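Numbering (the working numbering), first residue to last: 71 to 897.
Ideal placement from N, C-alpha and C gives every residue a C-beta, glycine not left out.
As the structure is a prediction and not an experimental result, all values here were calculated from the model.
The structure appears right after this line, and notes come after that.
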């Protein structure tokens with residue numbers, strides 16, 4: 071057998087079996103940390119390098135841009151000959167590419183806008199106001215959720231209205247119908263539309279489907295357990311002809327049913343494809359033996375799963391630590407103290423993560439971390455791109471690319487303030503509705519039509535519309551074009567004129583945005599795209615004569631209908647961002663060129679970013695996030711907080727066996743994020759929403775074998791379902807002196823004792839007295855003492871923040887003086 075281009079000897083037996091299976095349907099059940107990306111990339115490299123599959127015949131679908139970029143990078147290393155023409159992208163990015171070429175068949179123009187969550191929310195809000203639907207009685211998020219569920223279930227507005235059995239659904243159906251009409255008029259699609267319209271294109275136009283079926287001989291789908299109904303149908307249609315479909319996933323990590331993911335898609339794969347081969351990847355390369363034993367034991371209690379058992383050859387490692395706190399504040403104190411201890415011993419803050427079931431749990435944890443001076447970051451919080459001034463800039467850029475975008479036009483028509491008030495905007499909207507125009511077209515018409523608006527408003531409107539048209543004529547480097555558009559909008563000038571601290575901060579954010587545009591241009595300036603059409607590849611000389619002839623015979627080099635080859639825009643700059651540059655026909659715009667050739671690509675990159683893609687690890691800080699957000703990540707040290715019945719598993723899921731099983735899968739995901747150390751915490755009492763509850767510890771903790779877990783601190787006494795149960799040393803260290811007594815005393819001004827299974831927390835009044843004492847005046851040079859870090863010297867004090875260098879560790883920390891347990895000592 072000739073030598074393979076991939077190192078098959080580096081794969082374990084199950085991985086090698088999956089890589090070598092390249093014909094027919096294949097289901098790879100990939101347990102957590104089992105090297106599924108390695109299998110995916112090696113299998114594609116093997117097909118191209120050893121079996122003669124062309125790169126442009128491969129479609130690999132991932133669920134995040136980050137995963138796609140990682141896959142492309144690995145393939146680039148494995149295949150020195152290149153991967154040009156291969157589609158490695160998310161479902162949404164694939165939909166964008168397909169719709170850019172054939173959207174006209176559905177009534178859209180190729181330069182359609184993509185509405186992100188904020189754009190969609192603004193549009194639905196406007197529709198509800200126009201339809202006189204009270205948002206207090208029918209909340210905006212509820213209406214949007216019902217519409218999204220209907221779209222992903224392939225239910226039309228008319229069907230939704232006919233099936234409506236309650237007022238909320240009836241109102242949502244009315245909004246849904248108007249939403250579809252306005253999106254089409256604005257030449258825009260929301261995220262749901264990218265998938266639904268792709269499916270509609272395939273179902274209504276078999277010739278389009280056939281073109282992609284003929285092109286993609288090999289299809290791989292990652293995270294198959296997370297696919298929804300629309301993604302499932304698209305996948306099966308594309309694979310229908312050749313049946314060379316590989317799906318990779320883990321039913322034990324299916325945790326997104328609330329957003330449409332259907333675990334049955336992976337459980338029923340063998341039913342859908344009776345000839346399917348099944349390979350289980352069970353060797354874990356991430357976690358230690360104790361952690362894997364816990365994960366196996368917990369998830370084994372689910373009935374709706376494919377049996378598998380993770381194992382490792384890396385040793386048992388440390389047992390799992392479980393700590394029972396007196397309350398949620400003691401829980402936060404202990405976690406913060408443990409993080410600081412680990413950091414003192416040499417573990418980076420970046421290597422630690424704290425997971426929780428609900429976002430509401432983060433408040434107390436943040437409070438305790440502030441008191442301890444432990445740096446942290448919240449994943450999934452308010453992001454840079456969600457700030458108002460950045461969204462304003464992005465709206466201007468969208469409007470330059472697509473003037474028919476009503477949502478963007480309405481957002482910035484009076485930003486910065488130029489005297490175009492709500493009354494004038496309503497007049498323009500009414501004019502647009504009467505004449506079947508976009509808001510921007512109506513604004514242009516209103517400038518020319520005397521009497522409708524005041525001269526002052528007409529002048530302001532004329533400056534705004536002409537500015538957009540001028541911006542469309544800009545050409546040159548992306549960063550310069552973005553800078554010119556921002557300059558023409560007047561946003562930055564207006565902020566700088568305010569001369570306030572807040573305005574200066576917002577102006578700095580816009581300047582940071584300019585740097586992002588520059589970095590994007592630098593990183594993606596190579597035209598070697600991954601999503602070109604075969605016709606583009608031929609024109610670029612990327613196909614050799616044999617490949618071109620083969621594609622020609624299959625009819626794959628024909629241009630898509632309704633698109634003249636002379637009108638094809640510049641090739642995509644999306645070599646590692648999943649999304650191609652839009653193809654813009656010349657007649658689609660009154661002014662050419664439409665700004666920078668890279669501007670549409672830049673805007674789509676921004677629109678398709680996800681929370682996980684934007685998670686940055688550049689600053690040293692403990693990461694806090696919900697367990698749902700942690701999917702796909704791993705950390706050397708993981709804390710899972712709030713493991714109590716009613717909180718995790720969530721009380722609302724207890725009566726539904728299917729939802730309870732998903733809660734258990736969520737626990738499995740949390741456990742398997744840890745590489746070396748895992749800490750589980752729960753509280754004897756917890757204040758939630760104004761009331762104090764005492765719930766038994768989570769069944770998920772009880773399902774972990776005693777040999778793999780050690781109880782420490784208060785929790786060493788045990789806590790049963792009926793109350794306190796003294797269990798002595800049966801499962802760990804009893805009265806070990808760990809927990810809040812760490813470092814020899816009450817860490818944060820509140821001592822918790824671990825004796826006899828009882829909890830003796832200091833009264834709240836005593837804690838408040840300590841906090842009041844801590845909130846005194848400090849200045850540079852003061853000697854201070856911190857209950858955790860010991861003695862130190864104040865380097866600077868500004869407002870509520872003091873900067874202290876501690877003698878024992880030599881570390882410098884910034885602390886909140888009203889929160890940190892720190893006092894001045896005599897010089």
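Query: Exposed unless 16 or more other CB atoms sit within 10 angstroms - verdict on residue 814; Result: Any reading at residue 814 needs caution, since the residue's pLDDT is 32, under 50, leaving its predicted position unreliable; the model's value is listed next. The residue is exposed, with fewer than 16 neighbouring Cβ atoms inside 10 Å.
Query: Rounded C-alpha distance that separates residue 490 from residue 192; Result: 19 Å
Query: Given 8 Å, three or more beta-carbon pairs between the stretch 144–157 and the stretch 106–119; Result: yes
Query: Residue 863 and residue 848 closer than 8 Å at C-beta; Result: no
Query: Which of helix, strand or coil DSSP assigns to residue 185; Result: strand
Query: Environment of residue 99 [buried if 16+ CB atoms lie within 10 Å]; Result: buried
Query: Spatial distance of residue 313 from residue 361 (CA atoms); Result: 38 Å
Query: Given 8 Å, three or more beta-carbon pairs between the stretch 451–470 and the stretch 222–240; Result: no
Query: Whole-angstrom distance between residue 855 and residue 895, CA atom to CA atom; Result: 7 Å
Query: Beta-carbon proximity list for residue 474, same chain, < 6 Å, skipping 5 on both sides; Result: 256, 257 and 508
Query: Residue interval of the beta strand (DSSP E) (run including residue 865); Result: 860–868
Query: Whole-angstrom C-beta distance between residue 741 and residue 368, which should lie under 8 Å; Result: 7 Å
Query: Span of the alpha helix (DSSP H) around residue 675; Result: 669–677
Query: Of the listed residues 127, 319 and 181, nearest to residue 158 (C-alpha basis); Result: 127
Query: Whole-angstrom distance between residue 770 and residue 378, CA atom to CA atom; Result: 18 Å
Query: Of the residues 209, 218 and 246, the one placed nearest residue 227, counting alpha carbons only; Result: 246
Query: Residue nearest to residue 73 in terms of C-alpha spacing, selected from 176, 94 and 121; Result: 121
Query: Beta-carbon proximity of residue 104 to residue 351, cut-off 8 Å; Result: yes
Query: Collapsed DSSP secondary structure at residue 176 in the structure displayed; Result: helix
Query: Close-in-space but distant-in-sequence residues of the same chain around residue 432 (CB under 7 Å, 5 per side omitted); Result: 426, 448 and 694
Query: Anticipated Cβ contact below 8 Å, residue 406 with residue 751, distance rounded; Result: Their Cβ separation, rounded to whole angstroms, is 11 Å, which puts residue 406 and residue 751 out of contact at 8 Å.
Query: Buried versus exposed, by CB contacts within 10 Å (16 or more), residue 80; Result: exposed
Query: Buried/exposed call for residue 393, threshold 16 Cβ in 10 Å; Result: buried
Query: Host beta strand (DSSP E) of residue 707 (start-end); Result: 705–710
Query: Alpha-carbon to alpha-carbon, residue 286 and residue 503; Result: 44 Å
Query: Terminal residues of the beta strand (DSSP E) in which residue 92 lies; Result: Note, residue 92: premise wrong, no beta strand (DSSP E); not H, not E.
Query: Test item: CB-CB of residue 322 and residue 375 under 8 Å; Result: yes
Query: Inter-stretch contact at 8 Å, needing at least 3 Cβ pairs: the stretch 434–441 / the stretch 469–488; Result: no
Query: Own chain partners of residue 841 with C-beta closer than 6 Å, once the 5 adjacent residues on each side are dropped; Result: Since pLDDT at residue 841 reaches only 41, below the 50 mark, its modelled position is unreliable, and the value read off the structure follows with that caveat. Closer than 6 Å at Cβ, skipping near neighbours: no residue.
Query: For residue 470 and residue 555, believed in contact at Cβ under 8 Å, the rounded distance; Result: 6 Å
Query: Buried versus exposed call for residue 288 [16 or more other C-beta atoms within 10 Å across all chains shown]; Result: buried
Query: Assumed close pair residue 428, residue 696 - CB separation to whole angstroms, cut-off 8 Å; Result: 7 Å
Query: Bounding residues of the beta strand (DSSP E) (the contiguous stretch that carries residue 559); Result: That residue, residue 559, is in no beta strand (DSSP E); its alpha helix (DSSP H) goes 548–559.
Query: Selection from 551, 578 and 552 that minimises the alpha carbon distance to residue 564; Result: 578
Query: Where residue 330 falls: helix, strand or coil (DSSP); Result: coil
Query: Endpoints, the alpha helix (DSSP H) within which residue 880 is located; Result: Note, residue 880: premise wrong, no alpha helix (DSSP H); not H, not E.
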